[in-house]
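Residue numbers (the working numbering): 2 to 482. Below is one structure, written out as structure tokens; the observations come after it.
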Amino acid sequence: MNARLVFNLLGKALGIEGILMLPSVLVALVYGGGDWDGLLIAAAVAASAGFLLSFMVKPRNENLRAREGLAVVALIWLTMSLFGALPFYIERAIPRYVDCFFECVSGFTTTGSTILTDVEALPKGLLFWRSFTHWVGGLGVLVLSLALLPHVGAGAHHLLKAESPGPSPGKLMPRIGKSSRTLYQLYLGMSLLMFLILMACGMDWYDALIHMFGAAGTGGFSNYNMSVGHFASPAIDFVIGTFMLLFGINFSLYFLLLRGKFRQSLRSEEMWVYLGIVGISVLLISLAILPGLGNWWEALRQGYFQVASIITTTGYATVDFHLWPQFARCLLALLMLLGACAGSTGGGIKIVRVTVLGKSVAREIKRCIRPRSVVTVKMDGNALEEETIGQIQVFFFAYLLVIALAALVVSLDGFSLEVNLTAALATLSNVGPGLGMIGPTGNFSSFSDLSKVVLSLCMLIGRLEIYPILILLAPSSWRKN
């Protein structure tokens, strides 16, 4: 492995993280909080470490191979989380570092799980940094592309492949750098539009930014203990719910729309499956909770927001859905597993993979009926290669295996099966809340340090789609040849 190149790129990423902490320092100063110094110290530490790595560790060559691409992405997310936890620890807002690390990993991976029992007790600057990590994490592939790709030449696509949330990143333009800038502009434009609409709905600038960060990154951190339910506003519920769904759609489709290719963008099979699942789930959950509410409008309002939040793996809540009927809770757990579209800021297995798996099952049934028939699996009218189908099947197995192993380790804490399974599922799928004591009104503070570390790894594994983290653990990845 070209370790010098890996650590050089890691240093550049840490330098960027130090700069990204500065807006939080300004917020702390604006609100007169005493947390500005902790944020500034953490920013200086991250920037200094980044300077030392990037300027003192010079690579002998800049040939980035596949394993370096996977390794550097995994190391960047891990190291940025370690340094990003420093403001909470320095200010003693979260006294134990393992809890600070859990909170920061949850932020950067856009998970939204928390160990905080009283979110509103944190100073404004720290809360801003906590939510800003969502926006940075949702933008992860673009930040890495814009900041690092110009330095790695022909190996750029390995970074993109390691970071891209889905089976295969679509080619928007001939040059990766130009594609990244285009996606960055789309992400920034949609975020700004949401911010302005939330302001028009009555939020102040701080609340609007916090909840825009969470929805755009599909993360789910709020600055209120009751999450979005704090506002008790149908208009705000609808705006945040709709934007969560929009950020859960493949960004390449927005690019096609901007270029006037409406027919091509509307032919996306994954998008229609995604919207179909959302529509059916909203209807079923609304029917399930209607007897307890006695009001169709309120049932649809609650169903729409919670479905949008869970399938996009955001994790915002307007009600405690742990109190819903068992059917509604089971359906939400299934949506946690499915996740959003590939190429979006959402997590989970991804709709495109689930669609291919479903078509593979249908093909096997047809083969059983007509053994000599030749049946291909198609997406958007194009036949998929058997290798691609095999990779998706292996990914699905690995995904379930990680959930099972994580739930097994967490079970050592003695909690219920429901809590153990949904804790593993919610963190690996980057959803945030689970069921039971880790529901929308609960938190992860009761877990042991071992469980918190395991669940933090689940968040990283889920955000990076399993393989980059496993690459770090493979001894062969670190050999020179």
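Even for Gly, the Cβ is constructed at its ideal location relative to N, Cα and C. Since this is a predicted model, take the numbers as computed values, not measurements.
Local conformation of residue i per DSSP, three classes
| i | result |
| --- | --- |
| A48 | helix |
| A343 | coil |
| A155 | Caution applies to A155, whose pLDDT of 43 falls short of 50 and renders its modelled position unreliable; the model cannot decide the point. |
| M204 | coil |
| M380 | strand |
| S114 | coil |
| G221 | coil |
| A233 | coil |
| S449 | coil |
| S374 | coil |
| K367 | helix |
| P24 | helix |
| M438 | helix |
| A334 | helix |
| R93 | coil |
| F416 | coil |
| N9 | helix |
| I312 | helix |
| E18 | helix |
| G108 | helix |
| M227 | coil |
| V432 | coil |
Rounded straight-line distance, which links the Cα of residue j to that of residue i
| i | j | result |
| --- | --- | --- |
| L276 | L246 | 9 Å |
| I366 | V378 | 13 Å |
| L473 | L267 | 39 Å |
| S287 | A233 | 18 Å |
| I91 | V353 | 42 Å |
| C369 | K360 | 14 Å |
| T112 | S447 | 18 Å |
| V410 | L426 | 13 Å |
| Q1 | D238 | Since the displayed the chain opens at 2 and closes at 482, residue 1 lies outside it and no answer follows. |
| I250 | I311 | 14 Å |
| V357 | L259 | 28 Å |
| N296 | F306 | 16 Å |
| V74 | A14 | 10 Å |
| F397 | I462 | 13 Å |
| L451 | G437 | 20 Å |
| Y255 | L21 | 27 Å |
| F8 | P292 | 58 Å |
| P235 | L197 | 17 Å |
| V454 | Q265 | 43 Å |
| L173 | T389 | Because L173 sits at a pLDDT of 47, beneath the cut-off of 50, its placement in the model cannot be relied upon, and the following sentence gives the value as read from the coordinates. When rounded, the distance between both Cα atoms is 20 Å. |
| L199 | A209 | 6 Å |
| G415 | A43 | 36 Å |
| S417 | G220 | 26 Å |
| Q392 | T80 | 29 Å |
| L30 | M213 | 21 Å |
| E419 | S449 | 17 Å |
| I439 | G280 | 26 Å |
| S114 | L402 | 21 Å |
| E387 | W206 | 50 Å |
| L285 | M57 | 59 Å |
Distance between beta carbons of residue j and residue i, contact taken as under 8 Å
| i | j | result |
| --- | --- | --- |
| G218 | T319 | That pair is no contact at about 19 Å. |
| H135 | G230 | Actually they do not touch by this definition, with Cβ atoms about 19 Å apart. |
Beta-carbon spacing of residue i, residue j below 7 Å
| i | j | result |
| --- | --- | --- |
| V240 | S282 | no |
| T183 | N444 | no |
| K492 | V28 | Here the chain has residues from 2 to 482 only, and residue 492 is not among them. |
| G138 | T110 | yes |
| P88 | G39 | yes |
| F129 | S49 | no |
| A94 | L127 | yes |
| F103 | S457 | yes |
| C202 | E271 | no |
| P106 | M460 | The amino acid occupying residue 106 in the given sequence is Val; Pro does not appear at that position. Yes. |
| A289 | A329 | yes |
| F252 | M195 | no |
| N226 | V120 | yes |
| F222 | R364 | no |
| L140 | Y98 | no |
Contact set for residue i: own chain, Cβ-Cβ below 6 Å, skip 5 residues either direction
| i | result |
| --- | --- |
| G12 | G51, L54 and S55 |
| V432 | T314, G316 and M337 |
| A405 | none |
| E224 | A small fix is needed here, since residue 224 is Asn in this sequence, not Glu. Once the five neighbours on either side are set aside, the close Cβ partners of N224 are L128 and I211. |
| N421 | A408, V411 and S412 |
Residues near residue i in its chain [Cβ-Cβ closer than 8 Å; skip 5 each side]
| i | result |
| --- | --- |
| Y400 | I350, L429 and I467 |
| A384 | T377 and V378 |
| L294 | A300 and Q303 |
Cβ of residue i within 7 Å of any chain B Cβ
| i | result |
| --- | --- |
| W78 | Although the question refers to chain B, the structure presented lacks it and comprises just one protein chain. |
Neighbourhood of residue i by C-beta, 7 Å cutoff - its chain only, sequence neighbours within 5 removed
| i | result |
| --- | --- |
| T442 | D321 |
| C101 | A86, F89, Y90 and I95 |
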